[in-house]
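**Q** Sharing a structure here in structure tokens format.
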Amino acid sequence: MIKQADDMLFKNGLGHGVFLAPMAGVTDHTYRTICKSFGAEFLVTEMISSKGVYFNDKKTARLARIEKGEMPAGVQIFGHEPEIMAHAAQKLVSLDYNGCVSEVAPDFVDINMGCPVHKIVSSGDGSALMKDPDLIYRIVKAVSAAVDVPVSVKIRAGWDKNSINAVECALAAQEGGAELITVHARTREQMYTDFYDWSVIADVKKRVNVPVIGNGSICSYSDVVKIKEQTGCDGVMIGRACQGNPFIFREIKEALENKPITPKTNEEIARVAALHLEMICEEKGETIGILEMRKHLARYSHGMRGSPTFRNKCNLANNFSEMMELIKWLEDPHEEN
Ligand SMILES: Cc1cc2nc3c(=O)[nH]c(=O)nc-3n(C[C@H](O)[C@H](O)[C@H](O)COP(=O)(O)O)c2cc1C
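Numbers given in our numbering equal positions in the sequence shown, counted from 1, plus 1304.
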């Protein structure tokens, strides 16, 4: 089914096509909002269990929260049963979804075909789908038929080096109705290692008619230029390089617009980290907020002199005020703290 909003969203409306990668445990509503404020154009939720949605699991519903300020944003689902995934997608795009606290309905539904984690692939979900392109076709077709927003997929290069089949999977997804395809240039076997091969993105781009988003170790504006030149991809997706560094989206946007780059400063890092703490505690409550904030602060302080001591102190912070006080160190990082 070709949807009315398509031309607006993925074809004419890609802009620079800079996507924030979905990262479970990292890109929650709070962090997506922060990345958006620095220029990430498209956001995707952390992966959401289609079974969890199907069975009205409340914890799952919270992951689907999208607010107006995040748009355009999609919900990402994982699973392997076409009917259950279609049903879940339908619920997620409906604002009546039981327990869902979203202000707005998602602009698109993304299907996870890349998660390499054992728990996920052993159930036949995530990158395990790439072993069965016909199942990919049936899933995308079912989900596409169930919702009136575009459906996209996120695939890897293949399962392992002996089964690089991103083109076959992308064609199956396109045949099923996918209107955007993100290719993470690693196999499942390669997990998140240093190895990646962008040529697989070029191979997919040559064969499909829908926009292709390149993903895998894009860490700077020069990587954006390189991946676009080497693969012809229509957009890019940034993952780990933006952890603790939402400023990367500003750098890329300014460079793409031939504007002078605004360098991040320590004061700015401290200010954004403080805002992050405030927002995450508001989103998830103080107890979970300060626990989850530990890993973010480790990222914000990455490479700074004295960061190991800073991290240790953050790990011992018992409440919001203690952590907020520690964050001031980021303004002027030094060995003794
Ligand atoms: C902690 C973490 C969680 C992730 N969670 C998801 C997820 O929920 N859905 C998904 O499609 N990919 C997920 N990914 C993969 C990223 O979206 C991205 O494809 C991958 O990190 C490669 O991009 P990068 O090299 O820019 O980091 C995750 C990656 C990391 C590191």
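C-beta: ideal position from N, C-alpha, C; glycine also. As the structure is a computational prediction, the values presented were derived from the model and not from experiment.
Three-state secondary structure (DSSP) at glycine 1539?
**A** Strand, per DSSP.
**Q** Measuring alpha carbon to alpha carbon, tell me which residue in Gln1547, Val1540 and Glu1374 is nearest lysine 1557.
**A** Here the closest residue by C-alpha is Val1540.
**Q** According to DSSP, what are the bridge partners of serine 1456?
**A** According to DSSP, serine 1456 bridges with Asp1414 and Leu1484.
**Q** Looking at C-beta atoms only, is the number of pairs between the stretch 1361 to 1379 and the stretch 1418 to 1434 that lie closer than 8 Å three or more?
**A** No contact exists between the stretch 1361 to 1379 and the stretch 1418 to 1434.
**Q** Ligand 1 and methionine 1597: does any heavy atom of the ligand fall closer than 7 Å to the residue's C-beta?
**A** Outside the cutoff, so no.
**Q** At which residues does the alpha helix (DSSP H) containing glycine 1356 begin and terminate?
**A** Residues 1354 to 1358.
**Q** Between isoleucine 1352 and isoleucine 1381, is the Cβ-Cβ spacing less than 8 Å?
**A** The answer is yes: Cβ separation under 8 Å.
**Q** Would the beta-carbon of leucine 1488 be found less than 7 Å away from any heavy atom of ligand 1?
**A** At residue 1488 the sequence reads histidine, which differs from the leucine that was named. Because some heavy atom of ligand 1 lies under 7 Å away, the Cβ of histidine 1488 counts as near it: yes.
**Q** Which class does methionine 1305 belong to by DSSP, given the choice of helix, strand or coil?
**A** Interpretation of methionine 1305 is limited by its pLDDT of 48, a score under 50 that renders its predicted location unreliable; the figure taken from the coordinates is listed afterwards. Coil.
**Q** When you compare the stretch 1443 to 1451 with the stretch 1473 to 1481, are there three or more beta-carbon pairs, one atom per stretch, that lie closer than 8 Å?
**A** Contact between the stretch 1443 to 1451 and the stretch 1473 to 1481 is present, because at least three Cβ pairs lie under 8 Å.
**Q** What residues come near ligand 1, if near means a beta carbon less than 6 Å from any of its heavy atoms?
**A** Going by the Cβ distance cut-off, the answer is Ala1325, Pro1326, Met1327, Ala1328, Gly1329, Val1330, Glu1350, Met1351, Gln1380, Asn1416, Gly1418, Cys1419, Lys1458, His1488, Tyr1496, Asn1519, Gly1520, Ser1521, Ile1522, Ile1542, Gly1543, Arg1544 and Ala1545.
**Q** What does a CB cutoff of less than 7 Å around glycine 1317 pick up in its chain, not counting 5 residues either side in sequence?
**A** Nothing listed; no residue qualifies.
**Q** Would a C-beta distance cut-off of 8 Å place alanine 1461 and isoleucine 1468 closer than the cut-off?
**A** Going by C-beta atoms, alanine 1461 is nearer than 8 Å to isoleucine 1468.
**Q** According to the neighbour-count rule (16 or more other Cβ atoms, all chains shown, within 10 Å of its Cβ), is glutamine 1494 buried or exposed?
**A** Burial call: buried.
**Q** For isoleucine 1306, which residues of its own chain have a beta-carbon under 7 Å away from its beta-carbon, when the five flanking residues on both sides are left out?
**A** In this predicted model, isoleucine 1306 has a pLDDT of only 48, less than 50, meaning its place in the structure is not dependable enough to derive any value.
**Q** Jot down the residue ranges of each uninterrupted beta strand (DSSP E) in the stretch 1368 to 1452, minimum 3 residues, whole runs only, in chain order.
**A** Runs of the beta strand (DSSP E) inside the stretch 1368 to 1452: 1377 to 1382 and 1412 to 1417.
**Q** Between the stretch 1338 to 1350 and the stretch 1549 to 1566, do at least 3 Cβ pairs fall closer than 8 Å?
**A** Output reads yes: the stretch 1549 to 1566 touches the stretch 1338 to 1350.
**Q** When the Cα of isoleucine 1531 is compared with those of Gln1547, Asp1507, Gly1548 and Asn1513, which residue comes out closest?
**A** The candidate whose alpha carbon is nearest that of isoleucine 1531 is Asp1507.
**Q** Express the C-alpha separation of asparagine 1562 and serine 1245 in angstroms, rounding to a whole number.
**A** With the chain running from 1305 to 1641 in the structure shown, residue 1245 is simply not present.
**Q** So phenylalanine 1624 and glutamate 1590 are supposed to be a Cβ contact under 8 Å. How far apart are they, rounded?
**A** Contact holds; Cβ gap of about 5 Å.
**Q** Where does arginine 1490 fall in DSSP's three states?
**A** It is a strand residue.
**Q** Classify leucine 1313: buried if its beta carbon has 16 or more other beta carbons within 10 angstroms, exposed otherwise.
**A** The residue in question, leucine 1313, is buried, as its Cβ has 16 or more Cβ neighbours within 10 Å.
**Q** CB-CB under 7 Å to valine 1471, same chain, minus the five flanking residues each way: which ones, in chain order?
**A** Counting only Cβ-Cβ distances below 7 Å, and skipping sequence neighbours, we find Asp1507, Val1508 and Arg1511.
**Q** In this structure, how does DSSP classify threonine 1569 when only helix, strand and coil are distinguished?
**A** Coil.
**Q** Alpha carbon to alpha carbon, how far is tryptophan 1633 from valine 1322? Give it in angstroms, no decimals.
**A** Taking the straight line joining both Cα atoms gives about 31 Å.
**Q** Is it right to say valine 1408 is buried, meaning 16 or more other beta carbons lie within 10 angstroms of its own, or is it exposed?
**A** Classification of valine 1408: exposed, given that the 10 Å Cβ count is below 16.
**Q** In this structure, what does DSSP give as the bridge partners for methionine 1351?
**A** Paired residues: Gln1380.
**Q** What distance in whole Å lies between the Cβ atoms of glycine 1610 and glutamate 1587, which are believed to be in contact at a cut-off of 8 Å?
**A** Not really, about 29 Å apart at Cβ, beyond 8 Å.
**Q** Buried or exposed: where does valine 1595 fall if 16 or more other Cβ atoms within 10 Å of its Cβ makes it buried?
**A** Valine is not the amino acid found at residue 1595; the sequence shown has leucine there. So leucine 1595 ends up on the exposed side.
**Q** Tell me where the alpha helix (DSSP H) around serine 1619 begins and ends.
**A** A quick correction: the sequence has asparagine, not serine, at residue 1619. Note, asparagine 1619: alpha helix (DSSP H), 1611 to 1620.
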